[in-house]
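Reading through the structure tokens given below for one structure.
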Amino acid sequence: MTEVIEAIKRSAFRIQEAIAYDDTGYAENENASGDVQLKLDIKSDYIIQEELAKVKSVKAVASEEKETVDMLNEGGKYLIGYDPLDGSSLIDTNLSVGSIFGIYEDDFSGPNIKAAVYIVYGPRVEMVIATDTVELYRLDKNSEFKFIQTVHLHEKGKLNASGGTQAKWPSYHKAMIDTLFAEGYRLRYSGGMVPDLHQILVKGGGLFSYPGTLDKPEGKLRMVFEVFPFAFVYEKAGGKAVDGHRRLLELSPKDHHSTTPCFFGSNYEINKVLDVYSKIV
Ligand code: AHG
1 MTEVIEAIKR
11 SAFRIQEAIA
21 YDDTGYAENE
31 NASGDVQLKL
41 DIKSDYIIQE
51 ELAKVKSVKA
61 VASEEKETVD
71 MLNEGGKYLI
81 GYDPLDGSSL
91 IDTNLSVGSI
101 FGIYEDDFSG
111 PNIKAAVYIV
121 YGPRVEMVIA
131 TDTVELYRLD
141 KNSEFKFIQT
151 VHLHEKGKLN
161 ASGGTQAKWP
171 SYHKAMIDTL
181 FAEGYRLRYS
191 GGMVPDLHQI
201 LVKGGGLFSY
211 PGTLDKPEGK
221 LRMVFEVFPF
231 AFVYEKAGGK
241 AVDGHRRLLE
251 LSPKDHHSTT
261 PCFFGSNYEI
271 NKVLDVYSKI
281 V
């Protein structure tokens, strides 16, 4: 596992430099999920695969940017599902973006995720590693990730990050979000899953939701690359992560690009989600 984390750190240094200085324009391709790709999406994907290929314990990798699972070392133990540059449509606005990694054994399913790591490329570069605990690191001027603190969610937070097109939200979802705002919650939503979930984690709690919508009943966010890694982080930090009914980490994707509605937060907010969604007929 240590070797995998070291490869992720090396990738982060290189991606950070690419974000800072490379061309931020579009490439000519679309990725496996049908999104238009930036040149930076392609480069970040290339960097990560190159670094992970140096690690003998990595058996195979699945990237949000690729259709296929790539076999790296037949005798390896770990399967790595990653989103090389999540939130890349924000690059032109200079908002924070991130890289997300799920470290799995046997298959890319919720029950088989063993660790999760994400990097936030913001004014500072930060890395969160979730194993049995959730630890926050920050890149220092010697290009080393220094440990900052262990992260724990409180029982209840103050932030509400509600994703998806509001005009397409089911009425019960809109009513639930309105109830939170009526209780005093503040809106925090940049459109980048990494900084939005990082903010809630660092501030101690709240709710991030990306529901099933009338046009996308299975939501937008991908289980293997985005949802399972953050579900692992939130559970290990003392919070919860559900699809409205079940723990996200009980789910298995139909294929490695499957999406799901998802809700991440502290206990109070997620219990509210489960209560509202349990009444849907
Ligand atoms: P992309 O990588 O194409 O910028 O997508 C970002 C993802 C995720 O990071 C974020 O939470 C979500 O899409 C935002 O989607 P909406 O714009 O539909 O809210």
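Everything in the sequence shown is counted per the numbering used here, starting at 1 for the first residue and increasing by one. The C-beta atom is built at its ideal place from N, Cα and C for all residues, glycine as well.
- At a Cβ-Cβ threshold of 8 Å, Thr-213 and Thr-165 count as neighbours.
- Under DSSP, Thr-259 takes part in a beta bridge, and its partners are Arg-222.
- For Val-61, the enclosing beta strand (DSSP E) has its first and last residue at 58-63.
- Per DSSP, Asp-70 is one residue of the beta strand (DSSP E) stretching across 69-71.
- Spanning the alpha carbons of Met-1 and Lys-146 requires a straight line of approximately 18 Å.
- DSSP places Met-176 inside the alpha helix (DSSP H), whose first and last residues are 171-182.
- For the pair Leu-201 and Leu-153, the CB atoms are nearer than the 8 Å cut-off.
- Taking 8 Å as the upper bound for CB-CB distance, Leu-221 and Met-193 are in contact here, some 7 Å apart.
- The closest CA to that of Asn-142, considering only Gly-157, Gln-149, Val-125, is found on Val-125.
- Around the Cβ of Ala-60, a 10 Å sphere holds 16 or more other Cβ atoms; the residue is buried.
- Around the beta carbon of His-245, a 10 Å sphere encloses fewer than 16 other beta carbons of the protein chains shown; the residue is thus reported as exposed.
- Assignment of Asn-94 by DSSP, reduced to helix, strand and coil, places it in the coil class.
- Put simply, the backbone Cα of Pro-211 is about 11 Å away from that of Thr-259.
- If you draw a 10 Å sphere on the C-beta of Gly-75, you find fewer than 16 other C-beta atoms in it, and that means exposed.
- As a beta-bridge residue in DSSP terms, Val-36 pairs with Glu-30.
- Counting along the chain, Val-128 sits inside the beta strand (DSSP E) bounded by residues 125-130.
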